[in-house]
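Undergrad: The structure follows.
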Amino acid sequence: MKLLLHTCCAPCLIYPLERLKEKGVEVTGFFYNPNVHPFREYQDRRQAVEDYSKRINLVVIYPDYQPSQYFQEVNLKEKHPERCSLCWTFRLKATAKTAKDKGCDSFSTTLLVSPYQDQDLLKKIGNAISQVEGVNFYYEDFRPGFKKAHDLAKAHGIYCQNYCGCIYSEIERYSKK
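Per the working numbering, numbering of the sequence shown is gapless, rising by one per residue and ending at 300.
If you want it as structure tokens, here you go:
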């Protein structure tokens, strides 16, 4: 199986990639995250993915950073969880279309490793996009490897962020008492 793996960040890439390789899946990364804000945060996350992927010899596709696309998608729908659903849909559609263009038969996302993301909704969105785009959505609950992967990332000095990525999640994260 050839799979395009939407990659949100380097720490979240570690475990899903390990599991997929164990299963003999040919993986290409896809760092598509126009939601990440501010630009410096985007650069830090991208650099971490670039450094890690070079170290493990993983090919990763890096589309241009265009945050205006994200803001157009969530405009007037900024409340959680609606914006998250829109953001996941937006990014997974781009992943599926790119997978199809690159000759992959499947796509998935490292978001499935996070205990902070709605697994059922991600699965539903991925399956719906799969039907429209004609490329398989690979679902696996990668959450059991979250802590181990993030501990490993910290031990190896891989950049670990403190919020999901968008300005709204940053505000929610840092305004909590």
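The beta-carbon is built from N, C-alpha and C at its ideal position, and this holds for glycine as well.
Since the structure is predicted, the reported quantities are computational estimates derived from the model, not experimental observations.
Return helix, strand or coil for Thr151, following the three-state DSSP convention.
TA: Strand.
Undergrad: First and last residue of the alpha helix (DSSP H) that includes His273?
TA: Note, His273: alpha helix (DSSP H), 269-278.
Undergrad: The alpha helix (DSSP H) spanning Thr212 covers which residue range?
TA: That run of the alpha helix (DSSP H) goes 205-224.
Undergrad: Which residues bound the alpha helix (DSSP H) around Ser253?
TA: Start and end: 242-256.
Undergrad: Quick one: give me the first and last residue of the beta strand (DSSP E) that Phe230 is part of.
TA: Note, Phe230: beta strand (DSSP E), 229-232.
Undergrad: Of all the options Phe154, Asp174, Lys220, which has the alpha carbon lying nearest to the alpha carbon of Ala276?
TA: Considering only alpha carbons, the answer is Asp174.
Undergrad: In angstroms with no decimal places, state the Cα-to-Cα distance between Ser237 and Cys289.
TA: Computed Cα separation, rounded: 16 Å.
Undergrad: Over the uninterrupted alpha helix (DSSP H) stretch that includes Leu143, give me the two end residues.
TA: Start and end: 133-145.
Undergrad: Given this structure, state the Cα-to-Cα distance separating Asn250 from Ile281, to the nearest angstrom.
TA: The straight-line gap from Cα to Cα measures roughly 31 Å.
Undergrad: Considering just the uninterrupted stretch of the beta strand (DSSP E) at Lys202, what are its terminal residues?
TA: No beta strand (DSSP E) contains Lys202, which DSSP labels as neither H nor E.
Undergrad: The beta strand (DSSP E) that contains Lys125, what's its start and end?
TA: Its beta strand (DSSP E) spans residues 125-129.
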